[in-house]
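Residue 2 is where the sequence shown starts when you use the working numbering, and the numbers rise one by one after that. The beta carbon of each residue, even a glycine, is placed where N, CA and C say it ideally should be. Owing to the predicted nature of the structure, the values given are computational and were not obtained by experimental measurement.
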Amino acid sequence: MRAISYVIITAAIAAMASAVNPLPKAHAETAIERGHYLVVVAGCNDCHTPGFFFGKPDPNKYLGGSDVGFEIPGLGVFNGRNITPDKETGIGGWTDEQIAAAITTGRRPDGRQLAPIMNYQAFVNMTKDDVKAVVAYLRSIPPVHNKVPGPYKPGEKVTIFTFRIEPPGQTAAEAPK
Ligand code: HEC
């Protein structure tokens with residue numbers, strides 16, 4: 002009896018979870034579905050879709066590059082780049098291996114090391130199959146033609162909104178106009 006009610010409760014919780022959050026299933030069938038699931042739970046959308054940090058991610062520019070940069074003192078300001086398959090402004094011209102390397106080691110094909118605000122130090126813990134699935138999913142989404150500015154070196158004028166580490170004693174800002 003106990004086991005049966007446990008099963009019923011678990012099923013009820015699962016049903017509720019899928020009603021409020023229509024995520025692809027954890028045990029997805031195809032690599033692309035698995036990749037979609039991983040991209041959603043890893044929060045790639047947060048830092049790579051414009052509008053996300055203002056509460057209105059732009060569905061027409063999904064993963065097309067952020068409009069907000071993160072300032073790392075001494076290193077510069079870095080915004081999530083266009084990771085759609087657009088050849089000119091995204092990663093459409095990269096090989097699967099180059100995309101996988103950027104995600105797990107932070108190394109771009111041009112040799113530049115990505116700023117550590119991109120979570121490659123966490124993503125290196127993904128299994129090889131999961132990394133392949135993420136790459137397969139990124140290749141499957143619509144290309145967005147959007148050339149994001151940046152990154153900006155220390156001393157350079159920044160043309161986008163920025164997350165900045167400030168010393169204590171600041172006044173919390175109003176919403177940007
Ligand atoms: C906390 C914010 C954040 C999250 C979450 C994040 N990224 Fe990034 N990502 C960045 C930033 C910022 C850059 C650019 C860093 C730089 O230019 O040095 C970047 C760069 C990249 C690049 C290299 C693109 C290029 O043109 O250089 C790829 C590929 C990438 N991210 C994929 C992903 C994927 C896939 C996920 C989710 C599994 C993800 N990112 C999650 C912030 C993030």
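- Ile-100 and Val-41 have their C-alpha atoms roughly 17 Å apart.
- Cα atoms of Ile-84 and His-49: separation of roughly 7 Å, rounded to the nearest angstrom.
- Looking at the DSSP output, Gln-114 bridges to Arg-108.
- Secondary structure note for Glu-72: its beta strand (DSSP E) is the uninterrupted segment 69-73.
- Ala-134 is the residue among Ala-134, Gly-91, Phe-53 and Gly-44 whose C-alpha sits nearest the C-alpha of Thr-31.
- Counting only residues whose CB is nearer than 6 Å to a non-hydrogen atom of ligand 1, the list in chain order is Val-40, Ala-43, Gly-44, Cys-45, Asp-47, Cys-48, His-49, Phe-71, Phe-79, Asn-80, Gly-81, Arg-82, Ile-84, Ile-92, Ile-100, Ala-103, Ile-104, Arg-109, Leu-115, Ala-116, Ile-118, Met-119, Asn-120, Phe-124, Val-135 and Pro-152.
- Around the CB of Glu-72, 16 or more other CB atoms lie within 10 Å, so the residue is classed as buried.
- DSSP places Gly-94 in the coil class of the three-state scheme, outside both helix and strand.
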